[in-house]
Amino acid sequence: MEITVDQAVKRLQQSAKITFLTGAGVSTPSGVPDYRSLQGVYHGLEAPEYLLSKECLVREPEKFYQFVKHLYHEDARPNSIHRKMAQMENTKDVWVVSQNIDGLHAAAGSQHLVNFHGSLYACYCRKCQQPVAWQDYLQSDRHKECGGQLRPKIVLYGEGFEEAVIQQAIEAVKNAELIVIVGTSFQVHPFCDLIYEKSKDAKVLVINQTPIQLAGEYYFVQTNGTAVFEKV
């Protein structure tokens, strides 16, 4: 059922237990390109799916490294969506489960946060497993201590998910009375499958610029997320 921005705001204000499922559209107001924009980085020569794969990391580490460096947006700052979700933790039982790897939910102060696909800002050495500052990774993809290959702790194509991360996300969805899907086409598995873990009484609110395919009834407001969260 399509609703207005004000009706969406009211639902957020009246709900005590909320879990947000967020995608790239939450970060575009901060200047972070959405996934479709990655298509232009290599001018269509190769798909982002390969450049962000375990296969590319292992077989063509330099190509992987040069592509991933494009994904860092050091000047990006949390926008009103990130900030409001973090602030709502002060008065409500709020969780954020995000597909985004840009670190902006954490930068805004969200504590109840599941980075479902990991974060660009957590890097480590594949050889010695030691954590490495992301600033050092941007300088070189080799660990100066042991010579091992550095990488960000993100889930690449061809890699599995950590069971603990999946379970934490499932619990966040199960415990909510309102599930809010924001800024995502909601087509990437297993992230989109989390909706099946909601309790039967939980309501679903979708805040997105385009309609999404979703089983069951849900409220939909077709707008940029900032239009809603600046009024909450």
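Take 196 as the starting number for the sequence shown in the working numbering and just add one per residue.
C-beta: ideal position from N, C-alpha, C; glycine also.
- Less than 8 Å divides the Cβ of residue 379 from the Cβ of residue 218.
- For residue 320, the enclosing beta strand (DSSP E) begins and ends at 313-320.
- In terms of Cα proximity to residue 354, the closest of 299, 197 and 248 is 248.
- Residue 272 sits in coil when the DSSP states are folded into three classes, being neither helix nor strand.
- DSSP places residue 225 in the helix class (H, G or I) of the three-state scheme.
- Cβ contact annotation for residue 426 (same chain, cutoff 6 Å, sequence separation greater than five): 204, in chain order.
- For residue 294, same chain residues with a beta-carbon under 6 Å away, outside a window of 5 residues either side, are 218, 311, 312 and 386 in chain order.
- Around the beta carbon of residue 283, 16 or more other beta carbons lie within 10 angstroms, which makes this residue buried.
- The shortest CA-to-CA distance from residue 424 to any of 358, 275 and 243 is the one to 275.
- Every beta strand (DSSP E) stretch that sits fully inside the segment 315-401 and reaches 3 residues is listed by chain position as 345-349 and 373-377.
- Note that the C-beta distance between residue 410 and residue 393 is not below 8 Å.
- As DSSP reads the structure, residue 414 sits in a beta bridge with 400.
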